[in-house]
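Structure, as structure tokens:
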Ligand code: ADP
Ligand code: MG
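In the numbering used here, the protein residues as written are 50 to 305.
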């Protein structure tokens with residue numbers, strides 16, 4: 050029995066897509082990520098919540114290596130994070146990221162924004178890239194905006210283009226860092242609906258958000274962070290109705 054369990058522990062489960070083990074990171078004297086252990090399985094939707102400054106964005110950024118870590122281990126689909134070069138570009142493409150600020154290329158059209166990475170990183174040919182881009186823009190509901198420039202679109206439309214652009218790389222996992230925080234209220238739902246649909250389609254997702262309705266309806270698991278630590282993890286129903294830690298109770302009392 051013991052031997053079997055040792056073997057089982059040594060081989061990561063095939064369904065483990067993103068695995069962080071004892072991850073630590075400092076910004077100078079600030080210990081921004083403290084012994085983070087987090088495993089996200091294929092098809093899982095994990096919502097990360099917590100007070101401002103708790104390290105949620107830093108956590109997302111370490112997963113696709115926009116930030117380095119001081120110690121610990123991060124694997125995507127069993128592979129460690131490459132430090133640089135083409136391998137890193139491919140890894141980044143496997144991990145789609147959508148930010149609060151839409152970060153589209155301002156001097157490229159919507160269509161070009163969604164084609165570019167496919168051609169540069171995935172080496173797709175132009176016709177294939179365009180066909181796929183148009184399909185994805187339709188899927189997120191902005192197909193008719195393809196020839197416009199980002200500044201000509203509403204915030205909600207730009208964010209949906211940013212989602213299409215990330216999806217164009219066929220990512221294994223999508224990270225969303227407060228994707229609706231910069232949007233006018235009437236545009237929040239159109240973005241959340243696209244994310245809901247993605248979740249239903251089986252995309253593996255890590256979503257930092259203050260939209261508790263989305264967390265309740267789309268998340269398989271809620272991860273609550275405070276002061277650089279994962280303080281609590283639970284299924285949404287349990288987390289919202291019966292948070293265990295005082296930190297989570299305090300946080301929820303302020304936002305709900
Ligand atoms: P959250 O997304 O939960 O609000 P962040 O991950 O953005 O938290 O930030 C966590 C802490 O790290 C904050 O105190 C923030 O000021 C600090 N921080 C974030 N990025 C940097 C940086 N590049 N340099 C120094 N401190 C940073
Ligand atoms: Mg943040």
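Even glycine gets a Cβ: it sits at the ideal position worked out from N, Cα and C. Small disclaimer: the values here were computed from a predicted structure and weren't measured.
When the alpha-carbon of residue 249 is set against those of 170, 91, 66, the nearest one is in 91. In this structure, residue 224 and residue 274 do not form a Cβ contact; the two beta carbons are roughly 14 Å apart against a cut-off of 8 Å. When beta bridges are read from the DSSP output, residue 279 appears opposite 274. Your pair residue 209 and residue 191 checks out as a contact, with CB atoms roughly 5 Å apart and the cut at 8 Å. When the beta-carbon positions are compared, residue 144 and residue 270 stay at least 8 Å from each other. Here DSSP, grouped into helix, strand and coil, assigns residue 76 to strand.
A direct Cα-Cα distance of roughly 9 Å separates residue 150 from residue 227.
In terms of Cα proximity to residue 63, the closest of 126, 196, 194 is 126. Rounded to the nearest whole angstrom, the CA to CA distance from residue 244 to residue 282 is 21 Å. Apart from sequence neighbours up to five positions away, the residues of its chain that approach residue 189 with a beta-carbon distance below 6 Å are 209, 212, 213, 243, ordered along the chain. By the criterion of a C-beta distance shorter than 6 Å, residue 161 is surrounded by no residue of its chain, once the five residues flanking it on both sides are discounted. The beta strand (DSSP E) runs lying completely inside the stretch 149–228 and spanning 3 residues or more are 222–226, given in chain order.
Contact annotation: residue 112 and residue 68 have beta-carbon atoms that are not nearer than 8 Å. Per DSSP, residue 124 is one residue of the beta strand (DSSP E) stretching across 120–125. A direct Cα-to-Cα measurement between residue 284 and residue 141 gives close to 28 Å. Residue 233 carries a coil assignment under DSSP once its states are collapsed to helix, strand and coil. Per DSSP, residue 145 is one residue of the beta strand (DSSP E) stretching across 144–147. Closest in alpha carbon position to residue 103, among 159, 124, 286, 76, is 76. Between residue 158 and residue 198, the alpha-carbon positions lie close to 4 Å from each other. In the three-state reduction of the DSSP assignment, residue 253 falls in the strand class, which pools E and B. Between residue 263 and residue 206, the alpha-carbon positions lie close to 19 Å from each other.
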